[in-house]
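Structure, as C-alpha cells:
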Amino acid sequence: MASWESSPSPSPAVQRKDLSREPILNREVLPAGYFAPQGDNEALVAACESLGDLRGQFEKPRYVLYNPDICAHGARGVVGCRRCLDVCPADALSSIGERISVETHLCQGMGSCASACPTGALSYAYPNRTDQLNRLRRAIASFREHAETAVDVVFFGGETGVHDMTRAIAALPESILPWKLEELGSAGPELWLSCLAYGARSVTLVSSADTAMSVSSEVTREIKETSAILSGLGWPDSALAVVDADEPLMERANSLQSLEDQAATLRVATYAGMEEKRTVLRASIDHLVSQAKEPPAEISLPKGSPMGEVQVDSAKCTLCMGCVAVCPAGALLDNKERPCLSFIEWNCVQCGLCENTCPEDAIRLSARLLTDTNARMARRVLNEEEPFKCLDCGKPFTTQSMISRMEEKLSSHRMFQGEGIRKLKLCENCRVKEMFKE
80 MASWESSPSP SPAVQRKDLS REPILNREVL PAGYFAPQGD NEALVAACES LGDLRGQFEK
140 PRYVLYNPDI CAHGARGVVG CRRCLDVCPA DALSSIGERI SVETHLCQGM GSCASACPTG
200 ALSYAYPNRT DQLNRLRRAI ASFREHAETA VDVVFFGGET GVHDMTRAIA ALPESILPWK
260 LEELGSAGPE LWLSCLAYGA RSVTLVSSAD TAMSVSSEVT REIKETSAIL SGLGWPDSAL
320 AVVDADEPLM ERANSLQSLE DQAATLRVAT YAGMEEKRTV LRASIDHLVS QAKEPPAEIS
380 LPKGSPMGEV QVDSAKCTLC MGCVAVCPAG ALLDNKERPC LSFIEWNCVQ CGLCENTCPE
440 DAIRLSARLL TDTNARMARR VLNEEEPFKC LDCGKPFTTQ SMISRMEEKL SSHRMFQGEG
500 IRKLKLCENC RVKEMFKE
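Sequential numbering from 80 applies to the sequence shown in the working numbering.
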C-alpha cells in the first residue's frame with residue numbers, strides 16, 4: 080500500500096495503493112508515505128492507521144541542489160563519473176544523456192550523492208557547506224578555549240542516530256563534541272579534513288540502524304581515501320573512523336583519550352566557510368600539509384579517488400584534443416598556437432571521461448595527491464609536437480603523428496593509392512583545390 084504527495088508544492092495528497100505480495104518499489108529508502116505490508120496483517124493494520132495522518136497538503140523539501148555546468152557524468156555521448164548514481168539509496172537519481180536528473184519526490188535527503196560528487200555539482204541544500212563549516216570552526220575553537228581539552232568531533236544523523244546519541248552522550252568522555260547532521264552521508268571529506276584543520280584531534284562518524292547500506296558503504300570508501308591522505312601526513316589511523324552506535328562508539332571514545340592531541344601543537348586553520356567543494360578540500364589539505372613535519376612529495380591514493388594525474392603515452396597520442404573537449408573540470412588544456420596538451424593536476428577529478436574518449440587508448444588515470452600546492456596547480460605539458468605544414472601553402476594544420484596514423488589506416492583505401500595519399504598532407508583549402516583539378 081502506498082501513499083505519497085505527487086508535487087513538491089502544496090496540493091491535495093494523492094494516495095496510491097500497492098497490495099501486491101512483492102512491493103513494486105524495491106530500494107533501500109522508500110518514498111515518504113510508502114507502505115508495503117506484503118501480506119502481513121499487522122503491518123497492513125499499522126499502515127492503514129498511518130494513512131489517515133498523511134491526508135491533506137504538505138510541501139516536499141528539495142534536499143539536493145544540482146549544477147550541471149560542472150557535472151562530470153558525461154560529455155559528447157561518453158559516460159564518465161557515476162559515483163552519485165551508485166550510492167543513492169532512494170533511487171532518486173538517473174542518467175539523462177550527459178547529465179544527472181534528480182527526482183525530488185523520491186529524494187529523501189540521505190546526502191551520500193553530495194559527499195560522493197567529486198566536483199560539487201551535487202550539494203546539500205540546507206545546511207549548506209558554508210554555514211556548516213563556519214559553525215564547526217566556531218564550535219571547535221570555543222570548545223578548545225573553554226573545555227581546555229582535546230576535541231573529538233562525532234558526527235551523527237537520522238532519527239535513530241539522534242536517539243542513540245541522546246542515550247549515550249552522558250557516558251561519553253568530555254572531549255567528545257557531538258555534531259548532528261540531517262543525515263550521516265551529508266558530510267564529506269572536505270568537512271572531515273576541515274575539522275582537523277580547525278583543531279580537532281579526531282573525527283568519528285556514527286552509523287545507526289537506519290543508515291542505508293549504500294550510505295555506509297560510501298562513507299567507508301571515502302574514509303579509506305581520506306585516511307590515505309592523513310596517514311601520508313603523519314596522522315594516526317584512528318584520527319578518522321566510522322563506528323556503530325552504543326558499544327563500538329563507547330569503545331572508540333574511550334580509546335581516543337590515549338591518542339596524542341596533534342592539534343595542540345599545530346597552528347589552527349582560520350579560513351571561513353566556502354561553498355565550492357574543491358576549494359574547501361584544497362584549503363584543508365594545504366593547511367594540514369603546512370603543519371606536517373616531513374610531508375612526502377606525493378601520496379598514493381586508492382583507485383577511484385577524486386584527485387590524481389592523467390598519464391599520456393606520447394607514442395600513441397596524436398594530439399587530436401578529444402580529451403580536452405570532454406574534460407569537465409578544465410584539467411586538460413590545449414594550446415591555440417601549437418599542438419600541445421597540458422594538464423593542471425588539482426583540477427582533475429579522475430572521472431574517466433578523457434580515458435574513455437581517447438581513440439588511441441593513450442590515456443591512463445593514476446590517483447594520487449601532490450603535497451606541494453604549487454605543483455598541484457601548475458600547468459604542465461603532457462605531450463607536444465611541431466605542427467605539420469600543408470605541402471602546398473605551408474599552413475600548419477595538424478601533427479606529424481596524426482598524418483602518420485591516417486596514412487596507416489587509409490593505406491589500403493582505393494582513394495589514397497599512389498599520389499592520392501598526398502591529399503592527406505594538404506590543408507582543408509588546398510585539398511578542395513586538388514579535388515577540383517581532378
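Backbone N, C-alpha and C fix where the C-beta goes; we use that ideal spot for every residue, glycine too.
Looking at the unbroken alpha helix (DSSP H) that takes in residue i, where does it start and where does it end?
i       : result
Ile-482 : 479-489
Gly-401 : 401-405
Ile-308 : 292-311
In the DSSP assignment, what are the bridge partners of residue i?
i       : result
Cys-419 : Glu-463
Pro-475 : Lys-468
Phe-442 : A small fix is needed here, since residue 442 is Ile in this sequence, not Phe. DSSP, once it has assigned bridges, lists Val-391 as partnering Ile-442.
Val-230 : Note: Val-230 sits in no beta bridge, so no partner.
Tyr-203 : Val-143
Asp-323 : Ser-286
Ile-248 : Looking at the DSSP assignment, Ile-248 forms no beta bridge with any residue, so it has no partner.
Lys-372 : In DSSP, Lys-372 forms no bridge with anything.
Ser-281 : Asp-231
Ile-219 : The partner list for Ile-219 (beta bridge, DSSP) is empty, contrary to what the question assumes.
Arg-447 : Ser-379
Pro-257 : Val-233
Val-157 : Ala-154
For residue i, which residues from the same chain have a beta carbon less than 8 Å from its beta carbon, with the 5 sequence-adjacent residues on both sides left out?
i       : result
Asn-333 : Pro-252
Arg-458 : Leu-412, Ser-421, Phe-422, Ile-423
Arg-510 : Lys-502
Cβ atoms of residue j and residue i: under 8 Å apart, would you say?
i       : j       : result
Cys-163 : Ile-179 : yes
Ser-286 : Leu-260 : no
Ala-320 : Thr-283 : yes
Leu-338 : Arg-280 : yes
Ala-169 : Val-241 : no
Val-391 : Ala-441 : yes
Gly-387 : Cys-427 : yes
Ala-193 : Tyr-203 : yes
Gly-278 : Val-368 : no
Leu-272 : Ser-363 : yes
Cys-160 : Pro-197 : yes
Ser-254 : Leu-335 : yes
Gly-311 : Ser-265 : no
Gly-199 : Tyr-142 : no
Short of 7 Å in beta carbon distance, which residues of its chain neighbour residue i, apart from the five on each side in sequence? Order them along the chain.
i       : result
Pro-418 : Leu-398, Glu-463, Glu-464, Pro-466, Thr-478
Leu-505 : Cys-469, Leu-470, Asp-471, Glu-513
Pro-381 : Lys-303, Glu-304, Ala-307, Ala-446
Arg-223 : Val-230, Gly-278
Val-157 : Val-405, Leu-432, Asn-435, Thr-436
Met-456 : Ile-423, Trp-425
Asp-444 : Per the sequence presented here, residue 444 reads as Leu, with Asp not at that position. Result list for Leu-444: Gly-387, Val-389, Gln-429, Gly-431, Glu-434, in chain order.
Ordered along the chain, which non-local residues of its own chain (more than five positions away) have a Cβ less than 6 Å from that of residue i?
i       : result
Ser-82  : Because the pLDDT of Ser-82 is 35, which lies under 50, any placement of that residue in the model is unreliable, and the number read from its coordinates should be weighed accordingly. Closer than 6 Å at Cβ, skipping near neighbours: Gln-94, Gly-112, Leu-130, Leu-133.
Ala-154 : Glu-177, Val-405, Leu-432
Val-533 : Nothing about residue 533 can be reported from this structure: the residues present for the chain run from 80 to 517 only.
Ser-379 : Arg-447
Asp-365 : Thr-452
Leu-461 : Val-391, Leu-420, Phe-422
Pro-87  : Only weak support exists for where Pro-87 lies, its pLDDT of 45 falling under 50; the value from the coordinates is given anyway. Excluding residues within five positions, the ones whose Cβ falls inside 6 Å are Lys-139, Thr-183.
Please report the residue range of the beta strand (DSSP E) in which residue i lies.
i       : result
Arg-178 : 178-181
Pro-268 : Element bounds for Pro-268: not the beta strand (DSSP E) but the alpha helix (DSSP H), 268-276.
Ile-378 : 377-379
Give a yes or no on whether the minimum CB-CB distance between residue i and chain D is below 8 Å.
i       : result
Ser-337 : Included in the structure is just one protein chain, with no chain D present.
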